[in-house]
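Just below is one structure, and these are the notes that go with it.
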Amino acid sequence: MSSRNARLLTFNPERVQEVLLRAEELGVPCSSGMFKHVVSAHSYTTKQKDAARLEFFRRTLGCSKNEVAIAVYKVPAILILSEQSLLRKIQFLINDVGLEPRYILERSMVRTQLGEAASAPALCHEDPAHKGIAGDQCELLLNS
Numbered sequence: 003m004s005s006r007n008a009r010l011l012t013f014n015p016e017r018v019q020e021v022l023l024r025a026e027e028l029g030v031p032c033s034s035g036m037f038k039h040v041v042s043a044h045s046y047t048t049k050q051k052d053a054a055r056l057e058f059f060r061r062t063l064g065c066s067k068n069e070v071a072i073a074v075y076k077v078p079a080i081l082i083l084s085e086q087s088l089l090r091k092i093q094f095l096i097n098d099v100g101l102e103p104r105y106i107l108e109r110s111m112v113r114t115q116l117g118e119a120a121s122a123p124a125l126c127h128e129d130p131a132h133k134g135i136a137g138d139q140c141e142l143l144l145n146s
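According to our numbering, the residues represented by the sequence shown are 3 to 146, in order.
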C-alpha cells in the first residue's frame with residue numbers, strides 16, 4: 003500500500019466501503035491497476051463533490067456520464083482539482099490552443115495539459131495566423 007493510500011486505514015469501515023463503491027460505480031474494476039489511484043482520489047472527496055465534479059465536466063465539455071467516467075479512470079486526479087483550476091485550463095485548451103471540448107476528454111488532455119501551464123509553448127503556434135495546434139504535429143504532441 004502506498005503512503006497516499008495509507009490514510010484509508012484511518013477511515014471508519016463505512017467510509018472505506020463508500021470510497022470503494024464509488025470507484026466501482028465509475029466502472030473501475032478492482033483488478034485494474036488504476037483502481038488504487040481512483041480509490042485514492044475518491045478518498046479526498048465526498049460522494050456529493052464527485053457528483054458535482056461529474057456534472058461540471060458534463061456541462062463544461064458536453065459529454066456523457068460514461069465519457070467522464072472514462073476520463074476519471076484514466077486521470078483520477080481530476081476529481082481533486084478545483085473547478086476554478088479545471089475551468090481555467092479547459093478554457094486555455096479551447097480558446098488558446100483551439101481544441102474541441104470532446105477532443106480534450108477523449109485524448110485525456112486533462113491528464114497532461116490541464117496540469118501544466120508549461121505546455122503552452124509546445125501547444126500554441128507563435129504565428130497568430132495559425133492559432134492552435136499544428137495540424138500534422140498534433141498527434142505527435144499529444145502522444146509524446
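Built from N, CA and C at the ideal position, the CB exists for glycine as well. Small disclaimer: the values here were computed from a predicted structure and weren't measured.
By DSSP, does residue i sit in helix, in strand, or in coil?
i          : result
residue 31 : coil
residue 84 : coil
residue 21 : helix
residue 13 : coil
Do residue j and residue i have their beta-carbon atoms positioned less than 9 Å apart in this structure?
i           : j           : result
residue 28  : residue 79  : no
residue 49  : residue 9   : no
residue 104 : residue 69  : yes
residue 81  : residue 51  : yes
residue 95  : residue 106 : yes
residue 56  : residue 74  : yes
residue 85  : residue 53  : no
residue 36  : residue 67  : no
What is the residue span of the alpha helix (DSSP H) that residue i lies within?
i           : result
residue 57  : 49 to 63
residue 108 : 103 to 108
residue 70  : 67 to 76
residue 43  : 37 to 45
Below 8 Å, is the gap between the Cβ of residue i and the nearest heavy atom of the ligand MN?
i          : result
residue 24 : You won't find the ligand MN in this model; it holds no ligand whatsoever.
message: Would you call the segment 59 to 70 in contact with the segment 36 to 44, where contact means no fewer than 3 C-beta pairs closer than 8 Å?
response: Not touching, per the Cβ criterion.
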